[in-house]
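Asks:
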Amino acid sequence: MKKHVVIFEARGGSDKSKYGYRRDTYPIIESLKARGWSAEVIFYSDENRGEIYRYTIDKADAYVSRINPGNLKDETGYFQMLRELVHQGVKGLPHPDVMINYGAKNVVERLKGTSLVPEDVYCYYDYDALKHQFPQTLARGERVLKQNRGSTGEGIWRVQLKDPKKYKDLAEIPEDALLKLTEARDNHTEEKTLGEFIEFCYQYLEGDSGLILDMPFLPRIKEGEIRVLMLRDKAVSIVHKKPDQSADAFSATLFSGATYRYDKPEQWQEMVDTVESSIPMLQSRLGGYALPLLWTADFILDTDAEGKDVYVLGEINSSCVGFSTHLELSENIADEIMNLIEAESVINSRFPAFTI
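Numbering (this note's numbering), first residue to last: -13 to 342.
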């Protein structure tokens, strides 16, 4: 083994240190160095893809991807390079298909009907499906639409009828119905007719990764969203994210004024048990891939038919999960990286034609 790890990042963004890379990347490098390994940051660009590819094959046992694909103009070249690196024997943390299968918004729809997600969830991949189905789901009550791309709440809309009583007996809302729309990016509100809003959302369906997730609005989001930070199959931290208390606010991002509280996993043991016990089901439903190195699952409180608390999965993130509030986790992350590489090296030495 080379005992060297390449960490891919993208230039720019508010999450970077004065040196240009993520604030929680350097602790990983230091923790690996303390264990006799080495690591470095490489800033990815399509222009330098060939050079980066050749260098990584020559120098590294593994890569760690810390790029949000939404920060790239087009992630196609990046994912193509990662797939080829894995094909050439470089350990992918994670494999690009893992990022796609765990990180896309349609994860929630693929899990509907399980203990984590209710049935009343839909994904739209084209304009006709959105125009046909969304007026029907909106007739059931307030909805949340989420685009697949974007970050920090951009393109996530709470959709309310301005006059719900007017349409209470309809199975489908007409296109001239006036809507109140709140975007999670900053909790600002707009008004559009349903027809205008559907036309506006067309932009979210463009491109290979375009899709829109449609799910019920859960009023108990005001009590806070619970994020479970996972290091592969173990919960390592909990973040309780409470939206701003203004009337229209529903966003749980810091940029929108939400407040964060950081808890230990044992303070949310029931939640942790639910996530960890669901891992076999998640892997089965999401393509059978190995778990991401770092990933998060976000939950919102709801109430079931018996009046009991239930947690509804709102999103999974796996592309560039941060841990800047718990930098000590770099020690656990370094151990996990080394264990994964060493385990694969042992398997490949015994079965040279077999890779995982």
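All residues carry an ideal CB built from backbone N, CA and C; glycine is no exception.
Lys178 by DSSP, collapsed to three states: which one?
Replies: Lys178 carries a strand assignment under DSSP once its states are collapsed to helix, strand and coil.
Asks: Taking only the alpha-carbon atoms, compute the straight-line gap between Glu178 and Leu164 and give it to the nearest angstrom.
Replies: Going by the sequence as given, residue 178 is Lys instead of Glu. Between Lys178 and Leu164, the C-alpha separation is close to 6 angstroms.
Asks: Is it right to say Glu252 is buried, meaning 16 or more other beta carbons lie within 10 angstroms of its own, or is it exposed?
Replies: exposed
Asks: Give the list of continuous beta strand (DSSP E) stretches no shorter than 3 residues that lie fully inside the stretch 35 to 65.
Replies: 48 to 51
Asks: Should Gln146 go down as buried or exposed, given a rule of 16 or more other Cβ atoms within 10 Å for buried?
Replies: buried
Asks: In the DSSP assignment, the beta strand (DSSP E) including Arg213 goes from what residue to what residue?
Replies: 211 to 217
Asks: Run through the stretch 239 to 286 for me and flag every whole beta strand (DSSP E) of 3 or more residues, listed as ranges in chain order.
Replies: Listed in chain order, the complete beta strand (DSSP E) runs (minimum 3 residues) inside the stretch 239 to 286 are 245 to 249.
Asks: Take Lys77 as the anchor and find which of Leu102, Asp47, Arg52, Gly63 has the nearest alpha-carbon.
Replies: Asp47
Asks: Just the Cα atoms here: how many angstroms apart are Thr341 and Pro80?
Replies: For Thr341, the pLDDT reaches just 44, beneath the cut-off of 50, and the residue's location in the model is therefore unreliable, although a value from the coordinates is still provided. Their backbone Cα atoms lie some 15 angstroms apart in a straight line.
Asks: Check the DSSP bridge columns for Asn325 and list the partner residues they point to.
Replies: Paired residue(s): none; Asn325 is not in a bridge.
Asks: Return the residue from the list Glu185, Leu287, Ala329, Asn318 that minimises the CA-CA distance to Leu18.
Replies: Among Glu185, Leu287, Ala329, Asn318, the Cα nearest to that of Leu18 is on Asn318.
Asks: Excluding the 5 residues flanking Lys132 on each side, which residues of the same chain have their C-beta closer than 6 angstroms to its C-beta?
Replies: Lys91, Ile142, Leu199
Asks: On the CB-based measure, 16 or more other CB atoms within 10 Å of its CB, does Ala(-4) come out buried or exposed?
Replies: buried
Asks: Let's test the definition: count the other Cβ atoms within 10 Å of the Cβ of Arg144 and tell me whether it reaches 16, buried, or not, exposed.
Replies: buried
Asks: Work out the CA separation of Ile(-7) and Val27 for me, nearest whole Å.
Replies: 5 angstroms
Asks: To which residues does DSSP link Cys109 through a beta bridge?
Replies: Answer is Leu199.
Asks: Taking only three categories from DSSP, how would you classify Ser316?
Replies: helix
Asks: What does a CB cutoff of less than 6 angstroms around Gly300 pick up in its chain, not counting 5 residues either side in sequence?
Replies: These residues qualify, in order along the chain: Asp284, Ile286.
Asks: Quick one: using the 10 Å Cβ neighbour count with 16 as the cut-off for buried, is Asn54 buried or exposed?
Replies: buried
Asks: Taking the alpha carbon of Trp23 as the reference point, which residue from Lys45, Val(-9), Ile38 has its own alpha carbon closest?
Replies: Val(-9)
Asks: Three Cβ pairs or more, each shorter than 8 angstroms: is that satisfied between the stretch 238 to 258 and the stretch 207 to 216?
Replies: Contact holds: three or more Cβ-Cβ distances are below 8 angstroms.
Asks: Report buried or exposed for Gly139, applying the criterion of at least 16 other Cβ atoms within 10 angstroms of its Cβ.
Replies: The Cβ neighbour count for Gly139, taken over all protein chains shown within 10 Å, is at least 16; the residue is labelled buried.
Asks: If you draw a straight line from the alpha carbon of Ser51 to that of Ser305, how long is it in whole angstroms?
Replies: So the two alpha carbons sit approximately 7 angstroms from each other.
Asks: Under the three-state reduction of DSSP, which class applies to Gln74: helix, strand or coil?
Replies: coil
Asks: Considering Gly89, what are the terminal residues of the alpha helix (DSSP H) in which it resides?
Replies: 82 to 89
Asks: At which residues does the alpha helix (DSSP H) containing Ala20 begin and terminate?
Replies: 12 to 20
Asks: Quick one, which of Glu95, Tyr88, Glu256, Arg40 has its alpha-carbon nearest Leu68's?
Replies: Arg40
Asks: Gly63 to Ser195, Cα distance in whole Å?
Replies: Their Cα atoms are separated by approximately 14 angstroms.
Asks: Could you check if Thr42 is buried or exposed, using at least 16 other CB atoms within 10 Å of its CB as the buried criterion?
Replies: buried
Asks: Of the residues Ala320, Leu313, Glu322, which one's Cα is nearest the Cα of Asp10?
Replies: Leu313
Asks: With distances taken between CB atoms, is the gap from Ile302 to Val93 smaller than 8 angstroms?
Replies: Yes, the pair counts as a contact, with Cβ atoms nearer than the cut-off.
Asks: Taking the CB atoms as reference points, tell me whether Lys227 and Ala238 lie closer together than 8 angstroms.
Replies: yes
Asks: Can you tell me whether Arg129 is helix, strand or coil according to DSSP?
Replies: DSSP, reduced to helix, strand and coil, places Arg129 within a strand of the structure shown.
Asks: Over the uninterrupted beta strand (DSSP E) stretch that includes Glu169, give me the two end residues.
Replies: 164 to 169
Asks: Between which residues of its own chain and Val258 is the CB-CB distance below 6 angstroms, once the five residues before and five after are set aside?
Replies: Correct list, in chain order: Ala221, Pro251.
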